[in-house]
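Here the numbering used here is used: the first residue of the sequence shown is 1, the next is one more, and so on.
This report concerns only the one structure given below.
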Amino acid sequence: MNIIEGKLNLQGKEKVAIINGRFNHIITDRLVEGAKDAFLRHGGSEENLDLILVPGAFEIPFALKKALETGKYDAVCCVGAIIRGSTPHFDYVAAESTKGIASVTLEYGKPVSNGVLTTDTIEQAIERAGSKVGNKGAEAMITIIEMLSLYSEMK
Ligand code: INI
Numbered sequence: 001m002n003i004i005e006g007k008l009n010l011q012g013k014e015k016v017a018i019i020n021g022r023f024n025h026i027i028t029d030r031l032v033e034g035a036k037d038a039f040l041r042h043g044g045s046e047e048n049l050d051l052i053l054v055p056g057a058f059e060i061p062f063a064l065k066k067a068l069e070t071g072k073y074d075a076v077c078c079v080g081a082i083i084r085g086s087t088p089h090f091d092y093v094a095a096e097s098t099k100g101i102a103s104v105t106l107e108y109g110k111p112v113s114n115g116v117l118t119t120d121t122i123e124q125a126i127e128r129a130g131s132k133v134g135n136k137g138a139e140a141m142i143t144i145i146e147m148l149s150l151y152s153e154m155k
């Protein structure tokens with residue numbers, strides 16, 4: 001059996017964008033840091049990493065589409081933090097962000113990861129932004145690194 005699986009190292013040439021929804025920026029700034037750190041530790045270079053900022057998670061799919069349309073990026077890592085209770089919009093924002101990221105990803109066929117937290121409380125978000133439960137921004141970056149490698153294995 002031939003197993004086709006991505007590796008966790010970059011060639012150093014890959015151009016990647018992080019798209020960050022600034023809403024709840026105390027959390028999302030940490031997710032960006034985690035994503036950037038993972039990119040550099042896995043062989044990416046700082047000049048090949050762009051950070052695109054949008055107001056909130058709802059806007060991420062629009063910026064993602066625009067970013068992929070430019071053809072500049074090999075992969076995009078999306079991060080944000082949607083916290084229940086901040087506003088009754090939680091369910092709408094979470095649903096649109098998730099659906100939008102998935103549908104743009106299918107349209108462009110490039111690796112995209114969804115590192116947008118959806119939590120009930122700010123404590124759960126803090127736990128996932130560089131404390132008890134790790135850093136979901138770093139995990140999202142590692143996901144696109146693996147998918148970039150997988151796609152090149154599948155050529
Ligand atoms: N955006 C978030 O990223 N997280 C949230 O928790 C959030 N809440 O709860 O409202 C949120 N709302 C803003 C939304 O993403 C849009 O920026 C806004 O609706 C304007 O389109």
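Backbone N, C-alpha and C fix where the C-beta goes; we use that ideal spot for every residue, glycine too.
Just so you know, these numbers come straight off a predicted model, no measurement behind them.
Check	Outcome
How would you label Ala81, buried or exposed, when you count the other beta carbons within 10 angstroms and need 16 or more for buried?	buried
Thinking just about the alpha-carbon of each residue, which of Pro61, Gly71, Leu53 and Ile4 is nearest to the one in Ala102?	Pro61
Compute the distance between the beta-carbons of Gly6 and Leu150, then report whether it is under 7 Å.	yes
Would you say Asn114 and Cys78 are within 7 Å of each other, going by their C-beta atoms?	yes
Hey, is the stretch 124-137 in contact with the stretch 18-38, meaning 3+ C-beta pairs nearer than 8 Å?	yes
Taking only the alpha-carbon atoms, compute the straight-line gap between Thr28 and Ala125 and give it to the nearest angstrom.	9 Å
Closer than 8 Å is the cut-off here; do at least three beta carbon pairs connect the stretch 4-24 with the stretch 52-59?	yes
If I measure Cβ to Cβ from Phe90 and keep anything under 7 Å in the same chain, skipping five residues before and after, which residues do I get?	Ile82 and Arg84
Three-state secondary structure (DSSP) at Asp74?	coil
Could you pull out every residue in the same chain whose Cβ sits closer than 6 Å to the Cβ of Glu153, ignoring the five residues on either side in sequence?	Ile4
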